[in-house]
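This report refers to the structure that appears directly beneath it.
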Amino acid sequence: MNLAKSLLIFMSGLLLLGGCSASEQNRQKAVLHTRLGQQYLQQGDPTSALRELMEAQKYNPDDPSVHYGLGWAYSAKGLFPQALESYREALRIDPKYTEAHNAIGAIHLEMGQYDAAISEFEIVLKDLLYQTPYYVMNNQGWAYYKKGNLRRAIESYQKALALKPDFGMAFYNLGLAYRDNRQPAEAIKAFRNTVVLAPTLIDAHMQLGILHFNEQQPADARKSFQEVIRLAPGSDNARLAQQYLDFLKKSGK
1173 MNLAKSLLIF MSGLLLLGGC SASEQNRQKA VLHTRLGQQY LQQGDPTSAL
1223 RELMEAQKYN PDDPSVHYGL GWAYSAKGLF PQALESYREA LRIDPKYTEA
1273 HNAIGAIHLE MGQYDAAISE FEIVLKDLLY QTPYYVMNNQ GWAYYKKGNL
1323 RRAIESYQKA LALKPDFGMA FYNLGLAYRD NRQPAEAIKA FRNTVVLAPT
1373 LIDAHMQLGI LHFNEQQPAD ARKSFQEVIR LAPGSDNARL AQQYLDFLKK
1423 SGK
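Here the sequence shown is numbered in the numbering used here, starting from 1173 and rising by one per residue.
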C-alpha cells in the first residue's frame, strides 16, 4: 500500500469516528497514526514515522505496538538508547511481545554487546509461535562469532539453515565460521551454496577465491576472482582479485 492510499484511508477513518465514544475515538486515532508511521518506516522515512508514532502515543500510550514502532523509528535514526527505552516499554505493557525482545537483541548486536544480544535472542527462540526463528538464529550465530565462540556460531547457522535451506546470508556466515575454525573444505561448500543463492554477493566470491587459492585449487580460484572483477570492477575487492590472478599467471597455474 502506497503512502497516498494510506493517507486517504487515514482521512476516511477520521470521518468514521464521529459516532464513537471518546476512548474508542482515541484508540482508533492511535491505530491510524501507527499505520501511517509503519508506512513511513517501510519507505525509509523514520523522521516522519516518528512524528506519526508520537501522535499515536498521545492517543493510546498503553498500546505496545505504538512503543514498538517508536523503537523501530528511533533505531532507524541511530538513537539506540531511546529505541531500547521504547522497546522495553512495549514489553512492560505486554511481556509476551516477543518481537520487542528480537529488536532489543538486534540493537545489542549492533552495539557490540554480544552477551546481551544472545540473551534476548534466546528469549525469542523460546516462543514456539515466532514466525521467523531462522533470522534470530542467524543473528545469534553472528553474536557467537564475534565473541570468538565458533562452535556455537556454527551450530546456530546450521539450525537456521535446517529451517530455511535457501538462506544465503546464513550460508555466508557459516562459511566465515568454518574458515576461522580451520575447516576449509566445509567453508568452501558453504560459500559455494552462498553464491548459488546470492550470486551478486561479492564478498562470498572473494572468500571462495581465497580459499581455493590457499587449497591449491588454481582453476577454481581463478573463476571466483574473475567473477569478483566482473561484479565490482574498480573496487578494492576487484583490485585484490586481480593481484591474485596476476600471481597465478606468473606462477604458471
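Beta carbons: idealized from backbone N, C-alpha and C, even for Gly.
All values reported here derive from a predicted model rather than from experimental measurement.
Beta-carbon contacts of residue i that lie in its chain and below 6 Å, excluding the five residues immediately before and after
i, result
"Met-1378", "Val-1400 and Asn-1409"
"Ala-1221", "Gly-1209, Tyr-1212, Leu-1213 and Ala-1245"
"Gly-1118", "Nothing can be reported for residue 1118, as the shown portion of the chain is limited to 1173 through 1425."
"Glu-1124", "Because the chain here runs from 1173 to 1425, residue 1124 falls outside it and cannot be looked at."
"His-1205", "Glu-1224, Glu-1227 and Ala-1228"
"Gln-1398", "none"
"Ser-1358", "Residue 1358 is actually Glu in this sequence, not Ser. Same-chain partners within the cutoff: Tyr-1350."
"Leu-1242", "Leu-1225 and Ser-1258"
CB contact flag (residue i, residue j, <8 Å)
i, j, result
"Arg-1364", "Leu-1380", "yes"
"Tyr-1344", "Ala-1315", "no"
"Asn-1353", "Ile-1326", "yes"
"Ala-1278", "Val-1238", "no"
"Ala-1362", "Tyr-1350", "yes"
"Arg-1207", "Asn-1232", "no"
"Pro-1390", "Leu-1348", "no"
Residue i (DSSP reduced to helix, strand or coil)
i, result
"Thr-1304", "coil"
"Thr-1372", "coil"
"Leu-1412", "helix"
"Ser-1328", "helix"
"Leu-1225", "helix"
"Glu-1387", "coil"
"Phe-1419", "helix"
"Asp-1379", "In the sequence on display, residue 1379 carries Gln and not Asp. Helix at Gln-1379."
"Lys-1298", "coil"
"Phe-1293", "helix"
"Asp-1392", "helix"
"Asn-1321", "coil"
"Gln-1215", "coil"
"Lys-1201", "helix"
"Phe-1343", "helix"
"Gly-1209", "helix"
Cutoff 8 Å; reference residue i; Cβ partners in own chain excluding five residues on either side
i, result
"Leu-1297", "Pro-1305, Val-1308, Met-1309 and Gln-1312"
"Gly-1284", "Lys-1318"
"Thr-1372", "Leu-1403"
Cβ-Cβ separation, residue j to residue i (assumed contact under 8 Å), whole Å
i, j, result
"Ala-1272", "Leu-1281", "15 Å between Cβ atoms; not a contact."
"Tyr-1259", "Tyr-1240", "7 Å"
"Leu-1403", "Ile-1374", "5 Å"
"Leu-1417", "Arg-1394", "6 Å"
Close beta carbons around residue i, own chain, < 7 Å, minus the five adjacent residues each side
i, result
"Asp-1266", "Pro-1236"
Entirely enclosed alpha helix (DSSP H) segments - the stretch 1256–1290, minimum 4 residues: 1270–1282
Alpha helix (DSSP H) runs wholly inside the stretch 1345–1372, at least 4 long, in chain order: 1356–1369
Those runs of the alpha helix (DSSP H) which lie wholly inside the stretch 1230–1254 and span at least 4 residues: 1236–1248
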